[in-house]
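Worksheet for the structure shown next.
Number of protein chains: 2
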Amino acid sequence: MEKHTEISTLGEFGLIDKLLAGATKHNKSTLCGAGDDAAVLASGQKAMLLSTDLLLEGINFDLTYFPLKHLGYKAVVVACSDILAMNALPSAITVSVGVSSKFGVEQLEELYAGIHAACDEYSIDLVGGDTSASVNGLTLSMTAVGYAERKKIAYRNGAKPTDIICLTGDLGAAYMGLHLLEREKRALDGSPNPQPQFKGYEYLLRSQLKPELRTDIIKHLAEEEIVPTSMIDLSDGLASDVLQLCKASGCGAHIYLERIPIAREVHSFAEELNSDPVVAALNGGDDHELLFTVPVSMYEKVVKIGGIDVIGHITEREKGALLVTPDGSGIRLRSQGFPEGL
Amino acid sequence: MEKHTEISTLGEFGLIDKLLAGATKHNKSTLCGAGDDAAVLASGQKAMLLSTDLLLEGINFDLTYFPLKHLGYKAVVVACSDILAMNALPSAITVSVGVSSKFGVEQLEELYAGIHAACDEYSIDLVGGDTSASVNGLTLSMTAVGYAERKKIAYRNGAKPTDIICLTGDLGAAYMGLHLLEREKRALDGSPNPQPQFKGYEYLLRSQLKPELRTDIIKHLAEEEIVPTSMIDLSDGLASDVLQLCKASGCGAHIYLERIPIAREVHSFAEELNSDPVVAALNGGDDHELLFTVPVSMYEKVVKIGGIDVIGHITEREKGALLVTPDGSGIRLRSQGFPEGL
């Protein structure tokens, strides 16, 4: 290996742009390739949605505190969340597993019990995969498939100035849950009979260890005949995901700080850590909630669904993507972290 | 981790059967889930085929002698070969990459140059993927997609007694290429200016480092209006793959030893190693050729295509799966190795 440019020098999504620059489109059926939450492949009147995710031990999860059954469940949620982000429901998934020698059959069964539980919960068919030995840690790779009528697909690139920005659920809890688990791991390291202290923070743990798919929202949007002008799932953190949506749509955004939904437990734990709960909401990631835009005329219809907050609106590109504080000043949104989605 | 059953105790495909035992089918569109080369999902009159593969550094490849560009190319071939094995052509692929810190941008570009080259060669669209840092080695996960008319799909389970068994290409060369590379690696370990000796064995190297997809065969079969009664790709070795086909079809097979196509270079290198070229052909794997069955009445039509050998025929299940030697005695076929396909 001769020339060596650090991957970090390309910035968050620069690497992906660079690597995909050589891709040629060969098939008419490929309606949308890389660059959105999922690929879109024509399939008669409908389109097929395809998305893939990789989870690696030591990077994406730590088996010292992440139970295998929860990991299996979460793997399905992580992969299928990208299908939801196109305004569709997932119907099938493949899961490939690289297994290190420390694993026995019982451990794999635990993992698959979680995979099956999530598949049953959300009516998803496990249709295949691959298994391999691994000299390193546990490797999980999932590919999710869904179908949708072409005209109901919500891409990232359809947001228009004045559209309102809608968000499901609340933010920062999964990130704080991870911090809580890491703290207890450090505190109990070497203890012969570990008794982690999680009381009062069950919501944070659940958000990290057993996130849920917002299939309910996709169904409600269909019932109300709402097709979002754009949509993305919140895997990288609000700031990064809003920026991706703005970039794809060629627009700016105003997000109002006081409208960002943050759970009580996130505030409490942030106080304990002497940290800012807004940072967890903006940059924490791993939320698996949905962010979407609709024309302002649909405000009433969206609010009626329940559990959805309107946190801002789309602006002209020149205005930039800003976090607006209660005193009216605007702070430029910045993304953080290693590129995740391709 | 309390109870611990070694995965090897379940036998080659027992693990997969066990892990998938809990899977429930939820969607009518899932025509065929795990258990064949690819999943089959209904898509109007057509069906979508989906297959996924995992390649892990240290298990499936060794970067000390496997050039990254070739690895990218081969990753596409490995994944798409399963779509061909259903008698269909691949149209799209996703590639996820877990990247260790020793990698720079240039190395990733090399890898992707190979991926793009294979996609261009076979008219496949690269439609997405995921990237992650990796604390361990390079991880590659590919998911290939193809479409086919439902009635033209060749499953593994349609072989009938008296059907002839057809094979494309020749066997054992990729396996011998791997041995050649491993031998040179050992010989040159620590040498300041390594000059590997590959002369006369270029075919073995090419079979290992740059295998080709047999899309030509799928096109010829379509032109001749031949729909195989069953089909599989040769990734695990002839013995294992014939056994899988027999198991799925509920039948036996006679494979005639003298009809197994083995390249001259495989014979030469086997002689150098003092090993049996037939073992490489039966158990080596990694060939990515196609094995299929057709009614005996199609013998002429198949042979006319060229490059296809008829190596045996399907029998009643009770007769077992046998390798028939020139003196007429039958040796029971046995599979080897860790479960690969799910």
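Quick mapping for you: the protein sequence lines, in order, are chains A and B. Heads up: the first sequence is residues 11 to 352, going by this note's numbering. Heads up: the second sequence is residues 11 to 352, going by this note's numbering. Note that CB positions come from ideal geometry on N, CA and C, so glycine has one too. Quantities reported herein were computed from a predicted structural model and do not represent experimental measurements.
Residue i - DSSP class collapsed to helix/strand/coil
i      : result
B/D140 : strand
B/M96  : coil
A/A223 : In the sequence under discussion, the amino acid at residue 223 of chain A is Leu, which differs from the Ala named in the question. It is coil, neither helix nor strand.
B/S133 : coil
A/R342 : strand
B/G124 : helix
A/F76  : coil
A/G262 : strand
A/E16  : coil
A/S151 : strand
A/K38  : coil
B/F279 : helix
B/Q55  : strand
A/Y83  : helix
B/S111 : coil
A/V289 : helix
A/V88  : helix
B/E159 : strand
A/E326 : coil
Presumed contact (8 Å Cβ cut-off) between residue i and residue j, rounded CB distance
i      : j      : result
B/E299 : B/T178 : 5 Å
A/A154 : A/P100 : 5 Å
B/L148 : B/E281 : Their Cβ separation, rounded to whole angstroms, is 35 Å, which puts B/L148 and B/E281 out of contact at 8 Å.
B/L94  : B/S151 : With 8 Å as the limit, B/L94 and B/S151 do not qualify as a contact, their Cβ atoms being about 19 Å apart.
A/S106 : B/T62  : 5 Å
A/K91  : A/D243 : Per the sequence shown, the amino acid found at residue 91 of chain A is Ser instead of Lys. Indeed, because the Cβ distance is near 5 Å, the residues count as touching under 8 Å.
B/I236 : B/M308 : 6 Å
A/H323 : A/I174 : 5 Å
B/D180 : B/A263 : Actually they are not in contact, since the Cβ atoms of B/D180 and B/A263 sit about 19 Å apart, beyond 8 Å.
A/T172 : A/V306 : 5 Å
B/V86  : B/I134 : 7 Å
Pairwise C-alpha distance: residue j and residue i
i      : j      : result
B/E159 : A/G182 : 47 Å
A/C261 : A/Q55  : 30 Å
B/V320 : A/Y132 : 47 Å
A/G295 : A/S217 : 11 Å
A/L215 : B/K84  : 41 Å
B/T40  : A/A57  : 16 Å
B/E404 : B/L78  : This structure gives no information on residue 404 of chain B, because the portion of chain B shown stretches from 11 to 352.
B/F348 : B/F76  : Annotation note: pLDDT 38 at B/F348 (below 50); position unreliable, coordinate value reported separately. Between B/F348 and B/F76, the C-alpha separation is close to 22 Å.
B/D226 : A/Y165 : 36 Å
B/L198 : B/L188 : 15 Å
A/A89  : B/A127 : 28 Å
B/A169 : A/N293 : 56 Å
B/A49  : B/G200 : 46 Å
B/K162 : A/K35  : 26 Å
B/K311 : B/G317 : 12 Å
B/H14  : A/P204 : 22 Å
B/T303 : B/A249 : 15 Å
A/A143 : B/T19  : 14 Å
B/T3   : B/S339 : The structure shown has nothing for residue 3 of chain B, since chain B only spans 11 to 352.
A/L343 : A/Y213 : 27 Å
A/V145 : A/S110 : 6 Å
B/S209 : B/M186 : One detail in the question is off: residue 209 of chain B reads as Lys in this sequence, not Ser. About 14 Å.
A/V137 : A/A232 : 26 Å
B/P206 : B/G124 : 23 Å
B/N167 : A/F113 : 32 Å
A/L332 : A/I341 : 5 Å
Residue i CB to nearest heavy atom of the ligand PLP below 7 Å
i      : result
B/A102 : Ligands displayed in this structure: none; no statement on the ligand PLP is therefore possible.
Which residue spans inside the segment 166-201 of chain A form an unbroken alpha helix (DSSP H) run of at least 4? 183-198
For the segment 118-144 of chain B, which residues have a CB atom closer than 8 Å to at least one CB atom of chain A, in sequence order? L118, E119, Y122, A123, H126, C129, D130, S133, I134, D135, L136, V137, G138, G139, D140, T141, S142, A143, S144
Complete runs of the beta strand (DSSP E) confined to the segment 214-258 of chain B [at least 3 residues]: 240-243
Mind listing which residues of the segment 146-157 of chain B have their C-beta closer than 8 Å to chain A's C-betas, in chain order? Within the segment 146-157 of chain B, the residues whose Cβ lies closer than 8 Å to some Cβ of chain A are N146, G147, T149, S151, T153, V155, Y157, listed in chain order.
4 or more residues per run - each alpha helix (DSSP H) lying fully within the segment 299-324 of chain A: Fully enclosed alpha helix (DSSP H) runs of 4 or longer: 309-315.
Mind checking the segment 59-78 of chain B against chain A and listing, in chain order, the residues whose C-beta falls within less than 7 Å of any C-beta there? Of all residues in the segment 59-78 of chain B, only L60, S61, T62, D63, L64, L66, G68, I69, N70 come within less than 7 Å of chain A when Cβ atoms are compared, listed by chain position.
Could you list the residues in the segment 82-103 of chain B with a C-beta less than 8 Å from some C-beta on chain A, going in chain order? The residues in question are S101, A102.
The segment 212-239 of chain B: which residues have C-beta closer than 8 Å to a C-beta of chain A, in chain order? none
Name the residues in the segment 163-174 of chain A whose C-beta lies less than 7 Å from a C-beta of chain B; which are they? Per Cβ criterion, the list is empty.
Members of the segment 172-195 of chain A near chain B, C-beta cut-off 9 Å: none
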